[in-house]
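Enquirer:
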Amino acid sequence: MMNIPYARQWIEEEDIERVAKVLRGDWLTQGPAVDAFEQAVASYVNAKYCVAFNSGTAALHAAMYAAGIQPGDEVLTTPITFVATSNSALYLGGKPLFVDIDPKTYCLDITKIERAITPATKVIAPVDYAGYPIDIDPILKMAREKGLVVIEDAAHALGADRNGEKVGPQADMTMFSFHPVKHITTGEGGVIVTNDETYYERMRLFRTHGITKEPAAFLHEAEGPWYYEMQALGFNYRITDFQCALGSSQLEKLPRSLARRRQIAEKYYAGLKDVEGVLLPPIPENPHTTHAYHLFPVQFMRKDRKEVFLSLKEKGIFGQVHYIPAHLQPYYRESYGFKPGDYPRSEAFYQREISIPMFPKMTDEEVDYVISTIREICL
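In terms of the numbering used here, the sequence shown opens at residue 2 and continues consecutively.
If you want it as structure tokens, here you go:
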């Protein structure tokens, strides 16, 4: 029997050597490998600026800070996301509100955003769920008309294309995550890309305790070459040089990783499309938009999801569920009064979804085994 996780990092000898080179050098943190990685990511997605952090959550926190979230400000996002998306607003005293998903994309329903906006709304935070790039143009148009900031959670979508452009520079700020199960990894880590210099500078300050050592930015006269200023209440959200060395190496093979993910997705579509009661993830209709397939979420419409999940596990296939809707977490229920039934599409999706294995190191034999096992369970 095979043993197949839902995801797994892809580390090669070249990655190890790149990290070892930094470990043998002079800089372990706050050195040139961080700058090089930031520049490489910015160049890849064609953004002007990139700021790297020690996690995707820290990156989202910094983006909310740069956007000016203050106590009482509202942030609109989807319930079908990891809680970091909405938590990042809470860290600054903001209030998360949710918009139900579009069953055609599994991303938040664009047609429901405008009616959810209130005078307290400050940020719209769409999520590219599973790697499907949300149609961001109408969101940006709405935001511009109402003076809102758009922070795109693209943790799942590094390398995806939207209307012929890499996902990243379209929103005011966009986050990519580098957890081991993502397209590339730095162990833990994340970045924000942006074309706005003000956001860029605010995030750079935020990740280093709010401290600057740059004379041009000083508010008072420098007392000597040792001088620095804490100008805001920031955090220690720095990423290390050896993590960034790994990230730079990983980024170079991202095209291979994406190509393999799409091959696996094609095999899944071909092998499961005729299984009654199995709903496969959406494919972008726009030929110039591509799915990044961080996840391959399957909905089981007729079989009990728990029964399917446990049956797969018995066969050595370890799926995952993405996600328990954020508004149903005990903290959100108790603190903000959310309850079952508030976002019915998201809750129904959660009850049916299993993310089946999807990672570049999967062999064709493993993919075929997943397909045959699902067919056996469901037919």
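For glycine and all other residues, C-beta sits at the position ideal for the given N, C-alpha and C.
From a predicted model like this one, the values you see are computed outputs, not experimental measurements.
Helix, strand or coil for Ile152, going by three-state DSSP, please let me know.
Expert: Here the question's residue 152 lines up with position 151 in the sequence shown. Three-state DSSP puts Ile152 in a strand.
Enquirer: Consult DSSP for Val168 and reduce its assignment to one of helix, strand or coil.
Expert: Position 167 of the sequence shown, counted from the start, is the residue given in the question as residue 168. Three-state DSSP puts Val168 in coil, outside helix and strand.
Enquirer: Relative to the C-alpha of Thr30, which residue among Thr209, Ser87, Glu13, Phe360 is closest?
Expert: By 1-based counting over the sequence shown, the position of residue 30 is 29. Of the candidates Thr209, Ser87, Glu13, Phe360, the one whose C-alpha sits nearest the C-alpha of Thr30 is Thr209.
Enquirer: Does the distance from the C-beta atom of Val76 to that of Gln330 stay below 8 Å?
Expert: Translated into positions along the sequence shown, residue 76 becomes position 75. Translated into positions along the sequence shown, residue 330 becomes position 329. No, these two residues do not count as a Cβ contact at 8 Å.
Enquirer: Could you say if the segment 257-274 and the segment 348-361 meet the contact criterion of at least three C-beta pairs nearer than 8 Å?
Expert: yes
Enquirer: Among Val124, Gly248, Glu215, which has the Cα closest to the Cα of Phe54?
Expert: Taking the first residue of the sequence shown as position 1, residue 54 is located at position 53. Nearest C-alpha to Phe54: Gly248.
Enquirer: Rounded to a whole number of angstroms, what is the C-alpha to C-alpha distance between Ala64 and Gly132?
Expert: By 1-based counting over the sequence shown, the position of residue 64 is 63. By 1-based counting over the sequence shown, the position of residue 132 is 131. The alpha-carbon atoms of Ala64 and Gly132 are separated by roughly 20 Å.
Enquirer: Beta-carbon separation of Gln300 and Arg353 under 8 Å?
Expert: Translated into positions along the sequence shown, residue 300 becomes position 299. Translated into positions along the sequence shown, residue 353 becomes position 352. The answer is yes: Cβ separation under 8 Å.
Enquirer: Would you list the one or two residues that DSSP bridges to Thr162?
Expert: Against the sequence shown, residue 162 aligns to sequence position 161. Sequence check: residue 162 is Asp here, not Thr. Paired residues: Lys167, Thr291.
Enquirer: Could you work out which residue in Gly338, Glu14, Leu296, Ile140 is closest to Val322 when comparing CA atoms only?
Expert: Reading the sequence shown from its first residue, position 321 is the one you call residue 322. When each option's Cα is compared against that of Val322, the closest is Leu296.
Enquirer: Which residue marks the beginning of the alpha helix (DSSP H) containing Tyr351, and which one marks its end?
Expert: As a first step, residue 351 must be located in the sequence shown, where it is residue number 350. That run of the alpha helix (DSSP H) goes 345-353.
Enquirer: Taking DSSP as the reference, what is the three-state secondary structure of Cys245?
Expert: Position 244 of the sequence shown holds residue 245. Cys245: helix per DSSP, three-state reduction.
Enquirer: Kindly give me the distance between the Cβ atoms of Gly57 and Ser250, rounded to whole angstroms, as I take these residues to be in contact under 8 Å.
Expert: Here the question's residue 57 lines up with position 56 in the sequence shown. Here the question's residue 250 lines up with position 249 in the sequence shown. Between Gly57 and Ser250, the beta carbon gap of about 19 Å keeps them out of contact (Cβ cut-off 8 Å).
Enquirer: Rounded to whole angstroms, what's the CA-CA distance from Asn1 to Glu230? Just pull it up for me.
Expert: The first residue shown for the chain is 2 and the last is 380, placing residue 1 beyond what the model contains.
Enquirer: Going by the CB atoms, is the gap between Lys123 and Ala68 shorter than 8 Å?
Expert: Position 67 of the sequence shown, counted from the start, is the residue given in the question as residue 68. Position 122 of the sequence shown, counted from the start, is the residue given in the question as residue 123. Closer than 8 Å, so yes.
Enquirer: DSSP three-state call for Tyr50: helix, strand or coil?
Expert: Residue numbering aside, residue 50 sits at position 49 when the sequence shown is read from its first letter. When DSSP states are grouped into helix, strand and coil, Tyr50 belongs to the strand group.
Enquirer: Pull up the distance between the alpha-carbon of Tyr370 and that of His62, whole angstroms please.
Expert: Working through the sequence shown from its first residue, we reach residue 370 at position 369. Working through the sequence shown from its first residue, we reach residue 62 at position 61. If you take the alpha carbons of Tyr370 and His62, they lie about 40 Å apart.
Enquirer: Helix, strand or coil for Gly191? Go by DSSP, reduced to three states.
Expert: Within the sequence shown, the letter at position 190 stands for residue 191. Here Gly191 sits in strand by DSSP.
Enquirer: Write down the C-beta distance between Leu141 and Val151 rounded to the nearest angstrom, noting that I regard them as a contact closer than 8 Å.
Expert: Counted from its first residue, the sequence shown places residue 141 at position 140. Counted from its first residue, the sequence shown places residue 151 at position 150. That belief holds up - the Cβ atoms of Leu141 and Val151 are roughly 6 Å apart, short of 8 Å.
Enquirer: Rounded C-beta distance between Val20 and Phe243? I'm assuming under 8 Å.
Expert: Locating residue 20 in the sequence shown gives position 19, counting from the first residue. Locating residue 243 in the sequence shown gives position 242, counting from the first residue. Going by Cβ atoms, the distance from Val20 to Phe243 rounds to 5 Å, so yes, they are a contact pair.
Enquirer: Do Gly95 and Ile114 come within 8 Å of each other at the CB atom, strictly closer than that value?
Expert: As a first step, residue 114 must be located in the sequence shown, where it is residue number 113. As a first step, residue 95 must be located in the sequence shown, where it is residue number 94. For Ile114 and Gly95, no; Cβs fall outside 8 Å.
Enquirer: Please name the residue, chosen from Glu166, Thr374, Gly190, Tyr66, that lies closest to Val309 on a Cα-to-Cα basis.
Expert: Locating residue 309 in the sequence shown gives position 308, where the first residue counts as 1. Out of Glu166, Thr374, Gly190, Tyr66, Thr374 has the C-alpha closest to the C-alpha of Val309.
Enquirer: Within its chain, find whatever has a CB closer than 7 Å to the CB of Glu117; leave out the 5 residues flanking it on each side and keep chain order.
Expert: Stepping through the sequence shown from its first residue, residue 117 is reached at position 116. According to the sequence provided, residue 117 is Ala. The question's Glu does not apply to it. The answer, listed in chain order, is Leu77, Leu98, Val100.
Enquirer: Are there three or more Cβ pairs, one per stretch, closer than 8 Å when the segment 192-205 is compared with the segment 160-167?
Expert: no
Enquirer: May I have a chain-ordered list of the beta strand (DSSP E) segments no shorter than 3 residues that lie completely inside the segment 294-339?
Expert: 297-301
Enquirer: Phe339: which of Phe350, Ala349, Glu153, Ala327 sits nearest, CA to CA?
Expert: Reading the sequence shown from its first residue, position 338 is the one you call residue 339. When each option's Cα is compared against that of Phe339, the closest is Ala327.
Enquirer: Can the beta-carbon of Phe396 be found less than 8 Å from the beta-carbon of Ile111?
Expert: This structure gives no information on residue 396, because the portion of the chain shown stretches from 2 to 380.
Enquirer: Arg25 to Glu315, Cα distance in whole Å?
Expert: For the purposes of this step, residue 25 is identified with residue 24 of the sequence shown, where counting begins at 1. For the purposes of this step, residue 315 is identified with residue 314 of the sequence shown, where counting begins at 1. The straight-line gap from Cα to Cα measures roughly 45 Å.
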